[in-house]
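What follows is a single structure, written as structure tokens, with notes after it.
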């Protein structure tokens, strides 16, 4: 059975049914902020480290699959559906998902209401942007309700999934006119928070999961959506979420759009508050202002497209064989950049809670992307080397946020340090930058033990 096709002109894979054998996911993000998005709008987002800075929850091994994510509910009369089919699973008159280079677009239509959900992470910013376009394709006026919804993770995904006796007491939010701020533990020990925002004042909102889904509800049948709408709940403990309600009227042929964002903000320790108990929102407000209209959204998406065009232009092949050209010129290089960014530390099948970045994996990844972005390959080599032990051996894994070694699966893998030599050699062959060998790098992240990279390589071998 065919589930879709490659669109080489637009450099997309187009999925034509939501009922794929498993969720088919795209990896969004090029720098510090990342999101995994499935063909039905499932997934999660994190800043740098999928365990220590998880913004939204994801439940693995769940049944049905892929219920958590970036879902949009449409209520048209008594009919409730999602543009991506999940999690309500109402039958659609049209469905299409386009996984592109750093973005995903999901289109759905039911009963003459067409919806397009565009998602990407802009360059140079720590946020996921989404635009929801709605159009009345029929001949009669439509009055609909639109509900975007995400569930916050309490930052450390491992603790979030296990320490319930504590976590049920810590969830905390602030509510603004067009934004919901997730600030769990910000008062106690953190200097970061998340913000979910929109470009227009919603008709209603909820920040308590119990209020939006119902205590015995589920993402497939949220109480607020199937009932009388959002309740204005404010989460104090338990499960904080961001849910909004927009009551819209569309004339025949009329089209409108909603802009949404999910952002990560860090404040300096001395500048955390704008008033007692009120977080400093200056950076969040600046982020929201950067993407305040469709023109700004389009410009950011165009910049992302230009970024990928530049990356892919470094190496191309014209073999005369369509499938080979497609693999080499687009998807193999795209995958190599994704593995550089995440080093298999996060996916639908690696939870991101334990392993972090692999020492050996990250060295091997260098071979696939060094020609595309050599300056970042240089940074990665030095990051990896800084986790090495003074005797030349290595942690098998390290956390991307802290760059500290992770002994969860032990160490002493004999080939790990040898791959640092291979990765550095690939970088030297591509760039001729022999100066990197003289860069002074810590051993085991201890500046007192620092030595030139060349000494790291020598100890890797001996």
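Residue numbers (our numbering): 42 to 503.
Note that beta-carbon positions come from the ideal geometry of N, C-alpha and C, so glycine has one too.
Item, Value
"Can you list, in chain order, the residues of its chain with a C-beta nearer than 8 Å to that of residue 428? Leave out the 5 residues immediately preceding and following it.", "400, 435, 436, 439, 444, 445, 446, 485 and 486"
"Within the continuous beta strand (DSSP E) that includes residue 304, where are the two ends?", "296-307"
"Please classify residue 429: does DSSP put it in a helix, a strand, or coil?", "strand"
"Quick one: Cα of residue 463 to Cα of residue 402, how far?", "12 Å"
"For residue 364, name the three-state secondary structure that DSSP assigns.", "helix"
"On the three-pair Cβ rule with 8 Å, is the segment 285-304 touching the segment 235-246?", "yes"
"Less than 6 Å between C-beta atoms, sequence neighbours within five positions excluded: which residues of the same chain meet that for residue 144?", "161"
"Do the segment 107-117 and the segment 185-194 touch if we need at least three Cβ pairs shorter than 8 Å?", "yes"
"Just grab the DSSP bridge partners of residue 177 for me.", "154"
"Looking at residue 283 and residue 338, is the spacing between their C-beta atoms short of 8 Å?", "no"
"Can you tell me where the alpha helix (DSSP H) with residue 374 in it begins and where it stops?", "373-383"
"Write down the C-beta distance between residue 100 and residue 196 rounded to the nearest angstrom, noting that I regard them as a contact closer than 8 Å.", "Not quite, the Cβ-Cβ distance comes to about 17 Å (not below 8 Å), so this is no contact."
"How about the segment 52-66 and the segment 151-167: do they share at least three Cβ pairs that are nearer than 8 Å?", "no"
"Would you mind stating whether residue 138 and residue 74 have Cβ atoms separated by less than 8 Å?", "no"
"I'd like to know if the segment 246-253 and the segment 273-290 are in contact, where contact means that at least 3 CB-CB pairs between them fall below 8 Å.", "yes"
"Scan the segment 309-373 and note each continuous alpha helix (DSSP H) run of 4 residues or more that stays entirely inside, going in chain order.", "323-331, 335-353 and 363-367"
"Is the beta carbon of residue 290 within less than 7 Å of some heavy atom of the ligand FMN?", "Of ligands this structure carries none, so the ligand FMN is not represented either."
"Quick check: residue 478 and residue 425, are their CB atoms within less than 8 Å of each other?", "no"
"For residue 186, list the residues DSSP reports as bridge partners.", "116 and 288"
"Are the segment 346-360 and the segment 317-327 touching by the rule of at least three beta carbon pairs closer than 8 Å?", "no"
"Output needed for residue 210: all residues of its chain with C-beta closer than 7 Å, excluding positions within five of it in sequence on either side, in chain order.", "278"
"Taking three-plus beta-carbon pairs below 8 Å as touching, is the segment 123-134 in contact with the segment 79-87?", "yes"
"Using three-state DSSP, classify residue 415 as helix, strand or coil.", "helix"
"Does the distance from the CB of residue 91 to the CB of residue 235 come in under 8 Å?", "no"
"Is the beta carbon of residue 69 less than 8 Å from the beta carbon of residue 177?", "no"
"Check the DSSP bridge columns for residue 259 and list the partner residues they point to.", "262"
"Applying the 10 Å Cβ sphere with the 16-neighbour rule, what's the burial state of residue 330?", "exposed"
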